[in-house]
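> Mind looking over this structure? Questions follow.
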Amino acid sequence: MRIGHINNLNTTQKLEAELILFACIVIIGSYILHIVEGLSYFDAIYFSIITLASIGYGDIVPYTIMGKIVVMFYALIGLPLFITMGYLLSSLLLAPIKQTKKKFINTPKIESQLYNHNKKSTQT
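The opening position of the sequence shown corresponds to residue 332 in my numbering, with each subsequent residue numbered one higher.
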């Protein structure tokens, strides 16, 4: 899949692509944090997800200068990534509601059908 074709994808496909991107960023970031900060793989993955989500519990923090620099750039990636994932997920969850709403808006009202029916029957 080429990047230029992202607009041709439906919401589910965009969300899948975003989740794959998220997984790749978590894996790469966790590996870098494992090397730079000496964290265990589990702690590095945990710290990566918490940082990308902009939660920041503070139970694991970078101690080295290089680790702090990596985390600063890593956190900047997290905000747009989570906003996009939230938007796509909400779009996916709201799609059935929008379809139902569209169906009701496009349905003729019962009153007008009854009124027109009575009008036709009195004219004949």
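Think of the CB as a built atom: it goes at the ideal place given N, C-alpha and C, for glycine as much as any other residue.
Does Y388 come out as helix, strand or coil in the three-state DSSP assignment?
Taking the first residue of the sequence shown as position 1, residue 388 is located at position 57. Assigned with DSSP and collapsed to three states, Y388 falls in coil, not helix or strand.
> Go ahead and label T395 buried or exposed: buried means 16 or more other beta carbons lie within 10 angstroms of its beta carbon, across all protein chains shown.
Residue mapping note: residue 395 aligns to position 64 of the sequence shown, counting from 1. T395 comes out exposed.
> For I363 and T342, what's the separation of their Cα atoms in angstroms?
As a working mapping, residue 363 is identified with position 32 in the sequence shown. As a working mapping, residue 342 is identified with position 11 in the sequence shown. Rounded to the nearest angstrom, the two C-alpha atoms are 31 Å apart.
> Apart from the five residues on each side of it in sequence, which residues of its chain come closer than 7 Å, Cβ to Cβ, to L423?
The sequence position of residue 423 within the sequence shown is 92, counting from 1. Closer than 7 Å at the Cβ level, and outside the excluded window around L423, lie T342, T343, L346.
> Select from I436, P393, A375, V401 the residue whose C-alpha is nearest the C-alpha of I358.
Taking the sequence shown and counting its residues from 1, the one referred to as residue 358 is at position 27. Comparing Cα positions, the closest option is A375.
> Among the candidates I414, V392, F378, whose CA atom is the shortest distance from the CA of L350?
As a working mapping, residue 350 is identified with position 19 in the sequence shown. Looking at the Cα atoms, I414 is the closest of the given residues.
> Distance check for Y418 and Y405, CA to CA, integer angstroms please.
Position 74 of the sequence shown, counted from the first residue, corresponds to residue 405. Position 87 of the sequence shown, counted from the first residue, corresponds to residue 418. Roughly 21 Å between the two C-alpha positions.
> Going by DSSP in three states, T395 sits in which element: helix, strand or coil?
Position 64 of the sequence shown, counting from 1, holds the residue named residue 395. T395: coil per DSSP, three-state reduction.
> Between which residues of its own chain and L412 is the CB-CB distance below 8 Å, once the five residues before and five after are set aside?
What you label residue 412 is simply residue 81 of the sequence shown in a count that begins at 1. E349, L352, F353, I356, L383, listed in sequence order.
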